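Participant: 54 is the number that this note's numbering gives to position 50 of the sequence shown; each next residue is one higher, with no gaps.
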Amino acid sequence: MSDLRILPLLLLAVACSGDSIPPIESGDSQAPYAEALEIEDARARTSRPPHSNSAAFMTLINNGNEDLVIVGVKTPRAKVAELHTMLHEDGKMKMRRVERLVVPSKGELELMPGADHLMFFELDKAWRIGDQLELTLLFAKHPEQVVSLEVEK
Numbered sequence: 005m006s007d008l009r010i011l012p013l014l015l016l017a018v019a020c021s022g023d024s025i026p027p028i029e030s031g032d033s034q035a036p037y038a039e040a041l042e043i044e045d046a047r048a049r050t051s052r053p054p055h056s057n058s059a060a061f062m063t064l065i066n067n068g069n070e071d072l073v074i075v076g077v078k079t080p081r082a083k084v085a086e087l088h089t090m091l092h093e094d095g096k097m098k099m100r101r102v103e104r105l106v107v108p109s110k111g112e113l114e115l116m117p118g119a120d121h122l123m124f125f126e127l128d129k130a131w132r133i134g135d136q137l138e139l140t141l142l143f144a145k146h147p148e149q150v151v152s153l154e155v156e157k
């Protein structure tokens with residue numbers, strides 16, 4: 005029984021000993037992260053058999069004073085999720101995987117067909133018009149951002 009009385013003290017000691025997240029310094033003019041990033045017009049394409057892939061698009065608006073660097077994307081609805089861009093090579097447009105996409109400070113990044121976009125492979129099942137999806141954007145220096153979107157044609 006005496007062990008149970010010590011448990012609350014041990015939990016308090018552990019909680020007080022951990023590292024804490026540093027506060028935003030006074031004079032730091034960057035808007036808090038939640039206010040810095042806005043996401044508009046998030047949508048995904050239907051998958052077309054026999055292909056088990058799709059793409060997602062959106063506009064990301066950065067109201068902060070620091071670039072937001074997207075380094076990845078994930079969703080439980082696809083085994084593989086990648087950042088992509090389109091390049092003009094040898095007179096043809098070619099899709100290429102990229103390591104990062106940048107949402108510039110006080111600017112925006114539009115993810116759209118024929119340009120930067122999010123690509124998904126090995127889907128769990130066909131993505132159909134009206135399906136609701138969640139994906140998570142992974143940033144180099146900022147917390148992950150969950151995005152809800154709908155599948156469109």
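Think of the CB as a built atom: it goes at the ideal place given N, C-alpha and C, for glycine as much as any other residue.
This structure is a prediction, so every number in the text was calculated from the model and none was measured.
From this set, Lys-96, Glu-86, Gly-134, which residue's C-alpha is nearest Leu-115's C-alpha?
Facilitator: Glu-86
Participant: Take every Cβ of the stretch 96 to 116, pair it with every Cβ of the stretch 59 to 76, and state whether three or more of those distances are shorter than 8 Å.
Facilitator: yes
Participant: Going by DSSP in three states, Ala-59 sits in which element: helix, strand or coil?
Facilitator: When secondary structure is reduced to three states using DSSP, Ala-59 falls in the strand class.
Participant: What are the partner residues of Ser-152, as DSSP defines its beta bridges?
Facilitator: Glu-138
Participant: Is Phe-61 buried or exposed, if buried means 16 or more other CB atoms sit within 10 Å of its CB?
Facilitator: Phe-61 is buried by the Cβ-count criterion.
Participant: So, for Ala-144: in the same chain, excluding its five sequence neighbours on each side, which residues have a beta-carbon less than 6 Å away from its beta-carbon?
Facilitator: Val-73, Val-75
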